[in-house]
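Colleague:
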Amino acid sequence: MGGGPRRLGPYDSYTGATHQLCVAHVLRELQAVVDAAPTGTWCWAAQAGDALVALHRLAVDAATTGVTIDEQAPATQTRQLRHAAHIGISQTSPRGTKLMAARHALACRLVDREADYLRFTRDWRVPADNNGSERDIRMIKLRQKVSGCLRTLTGARQFCAIRSYLSTATKHGISLFDALVQLAEGRPWMPAIS
Numbered sequence: 134m135g136g137g138p139r140r141l142g143p144y145d146s147y148t149g150a151t152h153q154l155c156v157a158h159v160l161r162e163l164q165a166v167v168d169a170a171p172t173g174t175w176c177w178a179a180q181a182g183d184a185l186v187a188l189h190r191l192a193v194d195a196a197t198t199g200v201t202i203d204e205q206a207p208a209t210q211t212r213q214l215r216h217a218a219h220i221g222i223s224q225t226s227p228r229g230t231k232l233m234a235a236r237h238a239l240a241c242r243l244v245d246r247e248a249d250y251l252r253f254t255r256d257w258r259v260p261a262d263n264n265g266s267e268r269d270i271r272m273i274k275l276r277q278k279v280s281g282c283l284r285t286l287t288g289a290r291q292f293c294a295i296r297s298y299l300s301t302a303t304k305h306g307i308s309l310f311d312a313l314v315q316l317a318e319g320r321p322w323m324p325a326i327s
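Quick note: the sequence shown uses the numbering used here, first residue 134, plus one each step.
(1) How many angstroms separate the CA atom of Val156 from the CA atom of Asp262?
(2) If Pro207 and Leu188 are in contact, beta carbons under 8 Å, what's the gap, nearest whole angstrom?
(3) Between which two residues does the alpha helix (DSSP H) harbouring Ala248 extend?
(4) Can you give the beta carbon distance from Ala184 to Gln210, rounded, assuming they're within the 8 Å contact cut?
(5) Consult DSSP for Glu204 and reduce its assignment to one of helix, strand or coil.
(6) Whole angstroms are fine: how far does the CA of Trp257 sit from the CA of Glu162?
(7) Does DSSP put Ile295 in a helix, a strand or coil?
(8) Note down, in chain order, each residue of its chain lying with its Cβ closer than 7 Å to the Cβ of Ala170, except the 5 sequence neighbours on either side.
(9) Quick check on Trp175: does DSSP put it in helix, strand or coil?
(10) Tell me the residue span of the alpha helix (DSSP H) that contains Asp168.
(11) Can you give me the start and stop residues for the alpha helix (DSSP H) that Asp311 sits inside?
(12) On the CB-based measure, 16 or more other CB atoms within 10 Å of its CB, does Arg246 come out buried or exposed?
(13) Can you look up Gln224 in the DSSP assignment and give me helix, strand or coil?
Right under this line is the structure:
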């Protein structure tokens with residue numbers, strides 16, 4: 134079950150890796166369901182979204198403070214998410230329209246891929262969204278838009294290598310200027326191997 138427009142299927146072909154599905158994307162999908170619900174009525178998607186936001190807040194607070202959170206709080210929110218998704222599955226099971234089928238797929242995906250959506254709650258090094266990855270790709274697309282293309286394969290590879298190097302340095306708290314100076318001096322900064 135599952136699938137849907139907000140989950141990149143090729144990730145699943147990397148069987149040796151675990152993935153964090155983007156919470157920001159699924160929250161947007163849930164909000165679209167809430168926005169379409171009749172005003173003043175309870176909506177399963179609102180409960181699911183609230184639970185995801187609460188779980189994210191708990192994980193961020195724990196990672197920021199270094200204080201282990203009480204196990205009951207995430208368990209309660211996970212249960213709320215799970216219950217909401219199951220209600221969503223039952224409410225959308227007729228799947229009479231494409232929209233209803235998409236909502237059904239969303240609810241099923243929340244159940245089927247729960248571990249992938251909630252990985253950030255167990256490993257605080259994992260971001261809940263893929264915004265950082267999308268930012269890295271956006272620069273390449275912007276360059277293509279401005280210049281019309283990456284003129285040669287060699288130039289494209291060089292551009293991507295420099296962007297990757299700078300992105301990794303930034304994620305490790307190294308200033309871009311320092312990373313570039315070290316690179317120009319022939320002593321490139323390299324991340325520690327973990």
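Glycine included, every Cβ here is placed at the ideal spot set by N, Cα and C.
Modeller: Let me spell this out:
(1) Within the sequence shown, the letter at position 23 stands for residue 156. Within the sequence shown, the letter at position 129 stands for residue 262. Their backbone Cα atoms lie some 5 Å apart in a straight line.
(2) On the sequence shown, position 74 is the one that residue 207 refers to. On the sequence shown, position 55 is the one that residue 188 refers to. Right, their Cβ atoms sit about 6 Å apart.
(3) Residue mapping note: residue 248 aligns to position 115 of the sequence shown, counting from 1. Here the alpha helix (DSSP H) through Ala248 covers 247-250.
(4) Mapped onto the sequence shown, residue 184 falls at position 51. Mapped onto the sequence shown, residue 210 falls at position 77. Confirmed, about 5 Å.
(5) Start at 1 with the first residue of the sequence shown, and residue 204 comes out as number 71. If DSSP states are grouped into helix, strand and coil, Glu204 belongs with coil.
(6) For the purposes of this step, residue 162 is taken as the residue at position 29 of the sequence shown. For the purposes of this step, residue 257 is taken as the residue at position 124 of the sequence shown. Distance between the alpha carbons of Glu162 and Trp257 is about 24 Å.
(7) Counting from one through the sequence shown, the residue named residue 295 turns up at place 162. Residue state, collapsed to three classes: helix.
(8) On the sequence shown, residue 170 is found 37 positions in, with the first residue counted as 1. Cys176, listed in sequence order.
(9) Reading the sequence shown from its first residue, position 42 is the one you call residue 175. Of the three classes helix, strand and coil, the one that applies to Trp175 here is coil, per DSSP.
(10) Residue numbering aside, residue 168 sits at position 35 when the sequence shown is read from its first letter. Residues 156-169.
(11) Walking along the sequence shown from the start, residue 311 turns up at place 178. Asp311 -> alpha helix (DSSP H) spans 309-317.
(12) By 1-based counting over the sequence shown, the position of residue 246 is 113. Label assigned to Arg246: buried.
(13) Here residue 224 is taken as the residue at index 91 of the sequence shown, counted from 1. Note: Gln224 maps to helix in three-state DSSP.
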